[in-house]
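Comments concern the structure below.
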Amino acid sequence: MRRALCFDTAGESAVLGDYTLSSFGIDVGMVPPEIAKKLPRYPLIPATLLGHLAVDERHHGEGIGEFLFMDALHRSQGQSGPIAAVAVVVEAIDEQAERFYQHFGFIPFPTIIGRLFIMMKTVKQLFA
Ligand SMILES: CC(C)(COP(=O)(O)OP(=O)(O)OC[C@H]1O[C@@H](n2cnc3c(N)ncnc32)[C@H](O)[C@@H]1OP(=O)(O)O)[C@@H](O)C(=O)NCCC(=O)NCCS
Numbered sequence: 035m036r037r038a039l040c041f042d043t044a045g046e047s048a049v050l051g052d053y054t055l056s057s058f059g060i061d062v063g064m065v066p067p068e069i070a071k072k073l074p075r076y077p078l079i080p081a082t083l084l085g086h087l088a089v090d091e092r093h094h095g096e097g098i099g100e101f102l103f104m105d106a107l108h109r110s111q112g113q114s115g116p117i118a119a120v121a122v123v124v125e126a127i128d129e130q131a132e133r134f135y136q137h138f139g140f141i142p143f144p145t146i147i148g149r150l151f152i153m154m155k156t157v158k159q160l161f162a
């Protein structure tokens, strides 16, 4: 699923930013042990992958990234029931992107560079 935030001036529409959500599986062996022990005992744990989050660079620093990011988390939480997703996973393209996600509480996978996650339980608390 792809979501885009657009604006329209003088009949011309432009994309300010967008992101995608898709189903994902977390290899339980890749999660920090203190978190792995609280997860269901399946080799692959269902999760939601938040991908391609990006904002038109002319509009960086205006709060659009946070707006899209929160929208993505809210939707992930809304859809987590049917697919039993226990976490939201992101693949950061560089260290700056990694810092953006860490700013919002994402935890790096210990052995996979650029991949981070947040537990769905934490996301639910955010919107409670
Ligand atoms: C990362 C990105 C989506 C942020 O979008 P943005 O609209 O500029 O960010 P916002 O203005 O909404 O910032 C929201 C908050 O995140 C913080 N933030 C933004 N970029 C950050 C970064 N690289 N590292 C740490 N914090 C960051 C801001 O300081 C702000 O915090 P505050 O509310 O406490 O002041 C944007 O820079 C981008 O499109 N980058 C290129 C693509 C990319 O890196 N995507 C990430 C997924 S791979």
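So the sequence shown is residues 35 to 162, counted in the working numbering.
Just so it is clear, CB atoms sit at the ideal spot from N, CA and C, and this is done for glycine as well.
Ranked by Cα distance from residue 39, the first of 45, 53 and 46 is 53. Neighbourhood of ligand 1, defined by CB distance below 6 angstroms to any of its heavy atoms: 87, 88, 89, 94, 95, 96, 97, 98, 99, 100, 126, 127, 130, 131, 133, 134 and 137, in chain order. Cβ neighbours of residue 56 within its own chain (closer than 6 angstroms, five residues either side excluded): 83. In this chain, residue 97 is not harboured by any alpha helix (DSSP H), its DSSP state being neither H nor E.
Taking the Cβ atoms as the reference, residue 123 lies roughly 7 angstroms from residue 149, within the contact range of under 8 angstroms.
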